[in-house]
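K.L.:
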Amino acid sequence: MSTGTKARVAVLISGRGSNMAALLYASRLTDCPYEIVLVASDKGHAAGLKLAEAEAVPIFAAPAGLKKAELFAALDQALRSSGAEFVALAGFMRILPPDFVAAWEGRIVNIHPSLLPRYKGLDTHKRALEAKDLIAGCSVHVVTPELDDGPILGQVEVAVLPGDTPDSLAARVLIAEHQLYPRALADLVMRDRTPEALLQRVRELAMALPGAEEAVSHGMSCFRVQGGKMFCYFTEDHHGDGIIAIIAKTSGPDEQAQLIDQDPDAYYRPAYFGPSGWIGMRLEGAVDWERVGDRIASSWSLIAPRKLAMLREF
Ligand code: GRF
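Each residue of the sequence shown is one higher than the one before, starting from 12 at the first, in the numbering used here.
(1) Can you tell me whether DSSP reads threonine 261 as helix, strand or coil?
(2) Could you tell me whether the segment 140-158 touches the segment 189-199, where touching means 3 or more Cβ pairs closer than 8 Å?
(3) Which of the three DSSP states is assigned to histidine 229 in this structure?
(4) Looking only at its chain, what residues have a beta carbon closer than 7 Å to the beta carbon of serine 232, apart from the 5 residues adjacent to it on each side?
(5) Can you tell me where the beta strand (DSSP E) with glycine 59 in it begins and where it stops?
(6) With hydrogens ignored, establish whether the beta-carbon of glycine 285 is closer than 6 Å to any heavy atom of ligand 1.
(7) To the nearest angstrom, how far is the alpha carbon of glutamate 301 from that of threonine 176?
(8) Kindly identify the DSSP beta-bridge partner or partners of leucine 49.
(9) Nearest-angstrom Cα distance between lysine 137 and phenylalanine 97?
(10) Any heavy atom of ligand 3 closer than 6 Å to the Cβ of arginine 27?
(11) Could you tell me the distance, in whole angstroms, from the CA atom of valine 213 to the CA atom of glycine 296?
(12) Across which residues does DSSP place glutamate 247 in a beta bridge pair?
(13) Where DSSP assigns a beta bridge to histidine 123, which residues make up the other side?
(14) Using DSSP with H/G/I as helix, E/B as strand and the rest coil, what is valine 171?
(15) Leaving out the 5 sequence neighbours to the left and right, which residues in its chain are closer than 7 Å to isoleucine 314 when beta-carbon positions are compared?
(16) CB methionine 31 to CB glycine 59, shorter than 7 Å?
(17) Take glutamine 267 and list the residues in its own chain whose beta-carbon comes closer than 6 Å to its own, dropping the five residues that flank it on each side.
(18) Tell me whether lysine 17 is buried or exposed, calling it buried when 16 or more other Cβ atoms sit within 10 Å of its Cβ.
(19) In chain order, what are the residue ranges of uninterrupted beta strand (DSSP E) at least 3 long that sit wholly in the segment 76-138?
(20) Per DSSP, which residues does methionine 241 bridge with? Please list them.
(21) Are isoleucine 146 and leucine 216 closer than 7 Å when you measure CB to CB?
(22) Here's the rule I'm using: 16 or more other beta-carbon atoms within 10 Å means buried, otherwise exposed. How should arginine 135 be labelled?
(23) So what does DSSP say about serine 13, is it helix, strand or coil?
(24) Name the DSSP bridge partner or partners of arginine 293?
(25) Considering only residues of the same chain and omitting the five flanking positions on each side of tryptophan 311, which have a CB-CB separation below 6 Å?
(26) Mapping DSSP to helix, strand and coil, what is glycine 288?
(27) Return the residue from the list Phe71, Val167, Glu168 that minimises the CA-CA distance to leucine 23.
(28) Hey, quick one: how far does the alpha helix (DSSP H) through isoleucine 282 stretch, first residue to last?
(29) I need the DSSP call for tryptophan 311, collapsed to helix, strand or coil.
(30) Less than 7 Å between the C-beta atoms of valine 48 and serine 93, yes or no?
(31) Compute the minimum distance between the beta carbon of alanine 197 and the heavy atoms of ligand 1, and state whether it is under 6 Å.
(32) Compare the beta carbon distance of serine 25 and alanine 57 with 7 Å and say whether it is the shorter of the two.
(33) Let me know the alpha helix (DSSP H) ranges lying completely inside the segment 168-223, each 4 residues or longer, listed in chain order.
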């Protein structure tokens, strides 16, 4: 898998960053479906930042003394400018504010050193030993507003040994963490790139437009306005062309040519539809969903009845 088609992941750390390093080195193996585009920290002195820098990964260290809202605004800004699609928390010691979680819904993951739902929060190894657990372990989960909650993506169990201390157990669990995190993250980003997941995102964008209805035409899922004209098709390997894309209307051949000229990797002149001024927009690699949403909306405006178009303006 070449750079450019890989999912863009930013890692948030507060300290040592060994999980960040595990994600980073895994990303450099052939066929890893993600790349690390940023390592950011709430602490300027986090040791992991030095490692990331030495590995030529862009870093961001939040300035000291920010209030919580300012810190998360700064982090959000850094994440957005890195083009990150996913955020991996790796020993990031701040509780995320709900609006930050909402802005990245379903795209933030965390690693936690226990078999969740057991031992949320801190001191997990001490608590596992006090409970005389025979099995400890680690979990990777999707982040939701509640601490250490959210759907579990993967877990690895680690045997507790006689005489284990919180430190000795932590050291073994950490080895397991380094195996689990890259795999769980890779699975998540792959899931996001399946044709079904891509269609679902297109569907959400298209169906948010007034009067939109879903239909099937020529074996393709498509979207039309109130039983009338189509404004967006979802094409997946149509006639074996290997392309996953949306096909949307443009104002005509000039706009179509201009778009292809501007970004020939993203846009193409689709078979059958091309001659009537439709444009193909590939949904491969790191998709700019805002741009896809704008394209679907402008296609919709070209065919929506005036009454509906006015609805959208107000
Ligand atoms: C790890 O044990 C992780 O599970 C927890 O914090 C620790 C971070 O270690 N969330 P590191 O910074 O990744 O080395």
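Think of the CB as a built atom: it goes at the ideal place given N, C-alpha and C, for glycine as much as any other residue.
P.N.:
Based on what the coordinates show:
(1) coil
(2) yes
(3) coil
(4) Leu210, Glu225, Phe245
(5) Per DSSP, glycine 59 belongs to no beta strand (DSSP E); it is in the alpha helix (DSSP H), 58-65.
(6) no
(7) 50 Å
(8) Ala21
(9) 31 Å
(10) As for ligand 3, it is missing from this structure, which binds only ligand 1.
(11) 15 Å
(12) Ile255
(13) Ser150
(14) coil
(15) Val236, Lys240, Phe242, Lys260
(16) yes
(17) Thr261, Gly288, Ile290
(18) buried
(19) 97-100, 119-123
(20) Arg235
(21) no
(22) The question names arginine, yet the displayed sequence has threonine at residue 135. Buried.
(23) Its pLDDT being 48, under 50, serine 13 is placed unreliably in this model, and the value from its coordinates should be taken loosely. Residue state, collapsed to three classes: coil.
(24) Ala256
(25) Leu220, Phe242
(26) coil
(27) Phe71
(28) The amino acid at residue 282 is misidentified as isoleucine; the sequence shows alanine. Counting along the chain, alanine 282 falls outside any alpha helix (DSSP H), and DSSP gives it neither H nor E.
(29) helix
(30) yes
(31) no
(32) yes
(33) 177-202, 206-218
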